[in-house]
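Notes follow once the structure below has been shown.
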Amino acid sequence: MNNGVIRTKKALRSALIDLLKEKEFRAITISEIASRAEYSRATFYAHYQYKEDLLDELVQEVIEGFLSAFKEPYENNRESYDLGQLTPSAIKIFQYIGENEDAFGLLLKGSNPGFQEKLFEAIRSIFTQEYELLFPRIPAHIDREIYINQNVYTMLGLISYWVNSDYRYSAKYMTDQMLAIAKLSNPR
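Written out as structure tokens, the structure is:
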């Protein structure tokens, strides 16, 4: 993708985010998105067929960024990864959410129920794929699927609380709390 396309798509996503602050998605028109981005409808249609395509791309971008931030502490350190040794500065998910609070907050709080489901599935997928790495000391009598879902809902609960409280606490504070909760749930 060339720089012009990247710039145009970014402007259209920003326009959609701005409009979502004012009204529900279903009330937003393609003309409004294009106008807010200072492009023509023809430019919009050169990149997207429907406004839902733009929303889907925004959702995908936010989830991919979240997953990248989530994986960062252990991605290059798989052999020596130890949740008990993680420091708050190593955890990037709340920093990522804070840096993208408009998009994340609008998608999580807005009339887009599919976002929360997609985020849940993305986190569950990581927890399932990386179970042995993330949860190495879980006794055999604990049902793996139940344990994974409980941890996904805990993480989503923390994220939802922070977003719905209009980011009442700093990203660092939320990271500290998440680490403390994770260490309680995963004693080493």
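1 is the number of the first residue of the sequence shown in full-length UniProt numbering; add one for each residue after it.
Glycine included, C-beta positions come from ideal geometry on N, C-alpha and C.
On a CA-only basis, which of the options is nearest residue i? Give me that one, please.
i      : options                        : result
Ala27  : Met178, Glu52, Gly105          : Glu52
Gln60  : Tyr39, Phe115, Thr43, Tyr45    : Phe115
Leu67  : Ile93, Ile159, Val5            : Ile93
Leu20  : Glu64, Gly110, Ile6            : Gly110
Tyr39  : Asn149, Arg7, Leu156           : Arg7
His47  : Val62, Gly4, Tyr169            : Gly4
Leu184 : Arg168, Leu156, Arg137, Asn149 : Arg137
Glu117 : Pro139, Ala140, Leu156         : Leu156
What's the C-alpha gap between residue i and residue j?
i      : j      : result
Glu99  : Gly105 : 11 Å
Ala182 : Glu24  : 36 Å
Leu119 : Leu55  : 15 Å
Asp102 : Thr154 : 22 Å
Phe70  : Phe135 : 15 Å
Glu166 : Arg36  : The identity of residue 166 in the sequence shown is Asp, whereas the question assumes Glu. C-alpha separation (whole angstroms): 25 Å.
Asp176 : Trp162 : 13 Å
Ile142 : Ala11  : 48 Å
Leu158 : Asn164 : 10 Å
Glu22  : Ile146 : 39 Å
Arg144 : Asn112 : 30 Å
Val62  : Gln150 : 23 Å
Tyr45  : Pro139 : 54 Å
Got a sec? Which residues, its chain only, sit under 8 Å from residue i by beta carbon, not counting five neighbours each side?
i      : result
Val152 : Phe120, Ile123, Arg124, Phe127
Arg41  : Ile30, Ser31, Ala34
Leu58  : Arg13, Leu16, Ile17, Ala103, Leu107
According to the Cβ coordinates, are residue i and residue j closer than 8 Å?
i      : j      : result
Leu133 : Tyr74  : yes
Ala171 : Gln49  : no
Tyr131 : Ile148 : yes
Excluding the 5 residues flanking residue i on each side, which residues of the same chain have their C-beta closer than 7 Å to its C-beta?
i      : result
Gly65  : Tyr96, Asn100
Gln129 : none
Lys9   : His47
Thr43  : Thr8, Ala34
Ser160 : Leu108
Please work out which residues of its chain come closer than 6 Å, Cβ to Cβ, to residue i, disregarding the five sequence neighbours upstream and downstream, and give them in chain order.
i     : result
Glu72 : Lys92
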